[in-house]
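What follows is a short report on a single structure.
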C-alpha cells in the first residue's frame, strides 16, 4: 500500500460474503486505533464488539448496499448505505487513512 496522502487509486466494488472477515477486522481496527483521542478503552471495546459475531456482521453488511474500497487490489475500507442514500457504516483501515478511501 502507498504512503499516506499519496495519489493512490481507490476502486469500489459491491460487498461479497467472502469480504465479511476482512471488513470486520477493518471495523475493529478503525474503532480501536483511530478513536483513542475521543473514546476510552471500555467504550471502544464495546463499540468494536459489534463485529464479534461475524455472521451477524456479514448479515448487516449484506442487508444493505455495501461498497468495498480497494487500493492496489487490497480491501482498505467500506461503506454501507441504508435505503441507498443514508450512510450507516463508513470505516477505513488504519493503514489506509489519508489515501482517499472515505472521500
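Numbering (this note's numbering), first residue to last: 79 to 181.
All C-beta atoms, glycine included, are put in the ideal place defined by N, C-alpha and C.
{"Item": "Inter-residue CB distance, residue 179 and residue 88 (contact presumed, cutoff 8 angstroms)", "Value": "6 angstroms"}
{"Item": "Whole-angstrom distance between residue 93 and residue 143, CA atom to CA atom", "Value": "8 angstroms"}
{"Item": "Any 3 or more C-beta pairs closer than 8 angstroms across the region 115–126 and the region 154–166", "Value": "no"}
{"Item": "Same chain only: Cβ atoms within 7 angstroms of residue 132, ignoring 5 sequence neighbours per side", "Value": "98, 99 and 102"}
{"Item": "Integer-rounded CB distance, given that residue 155 should sit under 8 angstroms from residue 169", "Value": "6 angstroms"}
{"Item": "Buried or exposed by the 16-neighbour rule on C-beta atoms within 10 Å, applied to residue 141", "Value": "exposed"}
{"Item": "8 angstroms CB neighbourhood of residue 90 in its chain, flanking five on each side removed", "Value": "145, 146, 147 and 148"}
{"Item": "Cut-off 8 angstroms between Cβ atoms - residues of its own chain near residue 106, not counting five sequence neighbours on either side", "Value": "126 and 129"}
{"Item": "Same chain, Cβ closer than 6 angstroms to residue 116, neighbours up to 5 away in sequence not counted", "Value": "none"}
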